[in-house]
Structure formats: C-alpha cells, structure tokens
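Peer 1: In the working numbering, each residue carries its 1-based index in the sequence shown increased by 7. Backbone N, C-alpha and C fix where the C-beta goes; we use that ideal spot for every residue, glycine too. It should be emphasised that the depicted structure is a prediction, and the values quoted were computed from it without experimental measurement.
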Amino acid sequence: MPVPPTRAAGTVRVLPGAPVPGRSWSGAVWTGREMVVWGGVTEREETDGKKVRTVVEERADGAAYDPATDRWRVLPVAPLSGRERPVMVWTGERVLVVGGRVRRRTDGVRDGAAYDPVADSWEVLPGAPEPPSEHVVWTGEEAVFVSELGGVAYHPGRRTWRTLAGGPGLEWVEQLVWTGSEVIVLGSDGGEELAGAAYDPGADRWRELPEPGVSSSSGRVAVWSSGKVLVVSPSSERVDGGEVDPFPKPLDPGGVYDPATDRWSALPLAPAGLGATYRGALTPRGVLFWDGGPTVARFDPATARWSSQPVPGRPGRSFGVLIWTGAELVVWGGDGCPPLADCVRLVPPPEAIALTP
C-alpha cells in the first residue's frame, strides 16, 4: 500500500479536481485509506431569455480520494436515488450510506446501501423502520442513529434494524459521541442550557445527564478524548449581538463531561478572531476547526489552550465536508459559484498561545 508523503506542519495545498461535479450537502467518510464522498446537491442557473431560474439536482454519484497516490477514482453507480445529506458510516469493512433528504418529500428516506471499497461494489440494505437521523455513531457492532423522539440501529453482520427503546427526551439533537459503552446525546430540551442523555445499546436503556451549565447555542463539535467528552466551540461571538441584552455575554465555549464521575467541568473561552466554524475534527494536535478559510482554530485538551493558524487567500466554504485522514484535514465541496469540486488540505499547525481560563 502506498504511503502518503510527509509534509511540513502548516502546509496547505490544493488537491486535484474531483472526477465528479462539486456539490454541497454531500456525505463523506474516511475508510483508513480513502476519503469517500457521495450524494449532495448541485445548482445551476437556466434562463429562457426573460427569467432566470435555479435548477437544483440531487446527486446519486460519488468518488474516492487516496492521499497516498494523490488520485481520485469514480465510484460505481449506487442502487440509490439522488439525495442531499446522506448519512455515511464506516464499519471497518464497508461504507454504509443511508437516509438523507429528498426535496420533493417532507420526510426523510429509509433506504440505504453498503459500499465495499475492496470489491468496488454496492449492496442494497434492508429498509429502516423509520428515516434514520443524520446523527449517528458506530459502536463497533452497530450504527446507532438518534433523533429527538428515539432512533434506530443497524447491525451489518445480521443485516437487521431495530428500534431503540424510548428516546433522549430532547427537543432537538445536536451531537452524538461514542464512549466505548454509551452513546452520549447532546442537544436542547427547550431551555437555554445544553441538555443530554446517555444510551446503553447493550441494555437498550437511557439515562439523563447532569446539567452542564453551558448554553444550548449550536455551533459546537463534540469528541471523545482521553476518557472524556469534549464539547467545544472556537467562537468568541456574543450570544445575541447586543440586540436583546445591552451587555451580552460571550458564547459559552462548551464543557467537558466525565462519564466516570458523571460530572461536567468548564472550558476556557476562545480569544477573538479565531474564525469560528461549526466543523471540527479531533487530531493528535487537538481539536481543529476549519472550513477551508483563512484561519484554523485549535484547542488542545491537554493544556486547555487555544491557538490559531492563518491560511492566507483561502475563502471559507459553507456546507462542504471536513475529514481527518490521520495526517491531514481535507475540506471538499461546499457552496460557491459554482460549488467547489477541488479540495484544500492542511497539516495541523504546531503553534500554540497561552490562555488563562
């Protein structure tokens, strides 16, 4: 197997263009060797000489990128219709592609397929008992999808779905984290503070989490790091911009949940100017936040310090995908004119700044 070349920290470069059209709202997953992307939407403008209309196409195609060879390949035709926001999960052997949204329908879709990257082939999955949520974790045995009212789980070995007993009791779900024994579900119960629940897939049982004491504002990333759940955001923006509160407080940066003690602890607020984005990934250098734009924000859980790395001349991309390959961040797709089909990669920067919490 080819080995990816070693590059200096802070290196940024543009990848070869993908062999499929650029799009937004696509799915993506890292297999340990390739970044696999599928689905999403493309937009183009058409005119009859009098009026201009936007034509939206839901894509049913995809491609795979290998960092070691710096090459793309087109995926075979999938046994699925085009859709946006398909949910993709890597099981260690296959890429599960399930659910998603079709604009002509008010609900989600229940069908799915499994892609085998070794055989380069697809297999149709049995339909889910309900449209799978976009919030999913892989437990090592099942793909668990959690929504506000409950959820479903798919077992690839048995090719069976099951409905979860009960639900998290939240008004909306924002993040899922797998701890090795429980699915931590975070969101809001309708109040101003973040709320959560924990689901044990073995016992098919829920438990309520203690209140973390941070706001329920969206825009955070939740990851499992060193035996704890990190819920972190690089934003230093004001909660309401001063429109309601004449002395608005900074947006809560998040918190740390320790399942062993069932307690939360606070995180330090990010300094201004970090270029907040809701997309982030856990790397050996900390949690990195990047949208392909001019700034990368990094939070180091070990030192509780924030840092930033400028990336000159890079416009941000909304609704693209962010993948950590084990050596680099990859940003692909996203809104543009037309949507972008190239990629930008970043080797995580080593710089850090001291921050007193």
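Any heavy atom of the ligand PLP within a distance shorter than 7 Å of the CB on residue 37?
Peer 2: In the structure shown, the ligand PLP is absent, as is every other ligand, since no ligand is present at all.
Peer 1: In terms of alpha-carbon separation, which member of 206, 117, 134, 161 lies closest to residue 155?
Peer 2: One-based indexing of the sequence shown puts residue 155 at position 148. Looking at the Cα atoms, 206 is the closest of the given residues.
Peer 1: Roughly how many whole angstroms lie between the Cα atoms of residue 151 and residue 25?
Peer 2: Position 144 of the sequence shown, counted from the first residue, corresponds to residue 151. Position 18 of the sequence shown, counted from the first residue, corresponds to residue 25. For residue 151 and residue 25, the distance between alpha carbons rounds to 31 Å.
Peer 1: Let's test the definition: count the other Cβ atoms within 10 Å of the Cβ of residue 62 and tell me whether it reaches 16, buried, or not, exposed.
Peer 2: Position 55 of the sequence shown, counted from the first residue, corresponds to residue 62. Exposed.
Peer 1: When the Cα atoms are used, what is the spatial distance from residue 74 to residue 124?
Peer 2: Mapped onto the sequence shown, residue 74 falls at position 67. Mapped onto the sequence shown, residue 124 falls at position 117. Looking at the two C-alpha atoms, the distance is approximately 15 Å.
Peer 1: Just tell me which of 46, 64, 291 has its CA closest to the CA of residue 53.
Peer 2: Against the sequence shown, residue 53 aligns to sequence position 46. Residue 53 has its Cα closest to that of 64, out of 46, 64, 291.
Peer 1: Go ahead and pull the three-state DSSP assignment for residue 58.
Peer 2: Against the sequence shown, residue 58 aligns to sequence position 51. Residue 58 falls in the coil class under three-state DSSP.
Peer 1: Are residue 184 and residue 191 closer than 8 Å when you measure CB to CB?
Peer 2: As a first step, residue 184 is located in the sequence shown; it is residue number 177 there, counting from the start. As a first step, residue 191 is located in the sequence shown; it is residue number 184 there, counting from the start. In this structure, residue 191 lies closer than 8 Å to residue 184 by Cβ.
Peer 1: Skipping 5 residues on each side, what residues in its chain have a beta carbon closer than 6 Å to that of residue 142?
Peer 2: Walking along the sequence shown from the start, residue 142 turns up at place 135. Hits under 6 Å: 153, 180, 183.
Peer 1: Does DSSP classify residue 73 as helix, strand or coil?
Peer 2: Taking the sequence shown and counting its residues from 1, the one referred to as residue 73 is at position 66. It is a strand residue.
Peer 1: Would you call residue 305 buried or exposed, if buried means 16 or more other Cβ atoms sit within 10 Å of its Cβ?
Peer 2: In the sequence shown, the residue the question calls residue 305 occupies position 298. Residue 305 is buried by the Cβ-count criterion.
Peer 1: Are residue 392 and residue 108 close, meaning C-beta to C-beta below 8 Å?
Peer 2: Given a span of 8 to 364 for the chain in the structure shown, any question on residue 392 remains unanswerable.
Peer 1: Looking only at its chain, what residues have a beta carbon closer than 7 Å to the beta carbon of residue 136, apart from the 5 residues adjacent to it on each side?
Peer 2: Reading the sequence shown from its first residue, position 129 is the one you call residue 136. Counting only Cβ-Cβ distances below 7 Å, and skipping sequence neighbours, we find 159, 168, 170.
Peer 1: When you compare the CB positions of residue 366 and residue 93, do they come within less than 8 Å of one another, or not?
Peer 2: Outside the displayed span of the chain (8 to 364) sits residue 366, for which this structure offers no information.
Peer 1: What number of angstroms, rounded off, separates the C-alpha of residue 219 from the C-alpha of residue 291?
Peer 2: Residue numbering aside, residue 219 sits at position 212 when the sequence shown is read from its first letter. Residue numbering aside, residue 291 sits at position 284 when the sequence shown is read from its first letter. For residue 219 and residue 291, the distance between alpha carbons rounds to 26 Å.
Peer 1: If we count the other Cβ atoms within 10 Å of its Cβ and call it buried at 16 or more, is residue 340 buried or exposed?
Peer 2: Taking the first residue of the sequence shown as position 1, residue 340 is located at position 333. Buried, because 16 or more other Cβ atoms sit within 10 Å of the Cβ of residue 340.
Peer 1: Select from 195, 212, 213 the residue whose C-alpha is nearest the C-alpha of residue 227.
Peer 2: On the sequence shown, residue 227 is found 220 positions in, with the first residue counted as 1. Nearest option by C-alpha distance: 195.
Peer 1: Report yes if the C-beta distance between residue 237 and residue 308 is below 8 Å; otherwise report no.
Peer 2: Taking the sequence shown and counting its residues from 1, one reaches residue 237 at position 230. Taking the sequence shown and counting its residues from 1, one reaches residue 308 at position 301. Yes. Within cutoff.
Peer 1: Using 8 Å as the threshold, is the C-beta distance between residue 47 and residue 37 below it?
Peer 2: On the sequence shown, position 40 is the one that residue 47 refers to. On the sequence shown, position 30 is the one that residue 37 refers to. Result no, Cβ atoms of residue 47 and residue 37 do not sit closer than 8 Å.
Peer 1: Identify, in the order they occur along the chain, each residue of the same chain with its Cβ nearer than 8 Å to the Cβ of residue 178, setting aside the five sequence neighbours on each side.
Peer 2: Your numbering for residue 178 matches position 171 in the sequence shown. Taken in chain order, the residues that qualify are 155, 194, 195, 196, 197.
Peer 1: Do residue 294 and residue 42 have their beta-carbon atoms positioned less than 8 Å apart in this structure?
Peer 2: As a working note, residue 42 is residue 35 in the sequence shown. As a working note, residue 294 is residue 287 in the sequence shown. No, Cβ-Cβ distance for residue 42 and residue 294 is not below 8 Å.
Peer 1: Closer than 6 Å by C-beta to residue 50: which residues in its own chain qualify, once you throw out the five before and the five after it? Chain order, please.
Peer 2: Counting from 1 along the sequence shown, the entry for residue 50 is found at position 43. Around residue 50: 61, 63.
Peer 1: If you count every other CB in all the chains shown that lies within 10 Å of the CB of residue 21, and 16 or more means buried, which is it?
Peer 2: As a first step, residue 21 must be located in the sequence shown, where it is residue number 14. Exposed, because fewer than 16 other Cβ atoms sit within 10 Å of the Cβ of residue 21.
Peer 1: From 312, 314, 303, 122, pick the residue whose C-alpha is nearest to that of residue 335; which is it?
Peer 2: For the purposes of this step, residue 335 is identified with residue 328 of the sequence shown, where counting begins at 1. For the residues 312, 314, 303, 122, the minimum Cα distance to residue 335 belongs to 303.
Peer 1: Going by CA-CA distance only, name the one from 30, 18, 317, 39 that's closest to residue 330.
Peer 2: The residue given as residue 330 occupies position 323 in the sequence shown. Residue 330 has its Cα closest to that of 39, out of 30, 18, 317, 39.
Peer 1: With 16 other CB atoms within 10 Å as the buried threshold, where does residue 57 fall?
Peer 2: Along the sequence shown, read from residue 1 onward, the residue named residue 57 stands at position 50. Exposed, by the Cβ-count rule.
Peer 1: Could you give the C-beta distance for residue 366 and residue 104, rounded to a whole number, given that I count them as a contact under 8 Å?
Peer 2: Residue 366 is absent from the structure shown; the chain starts at 8 and stops at 364.
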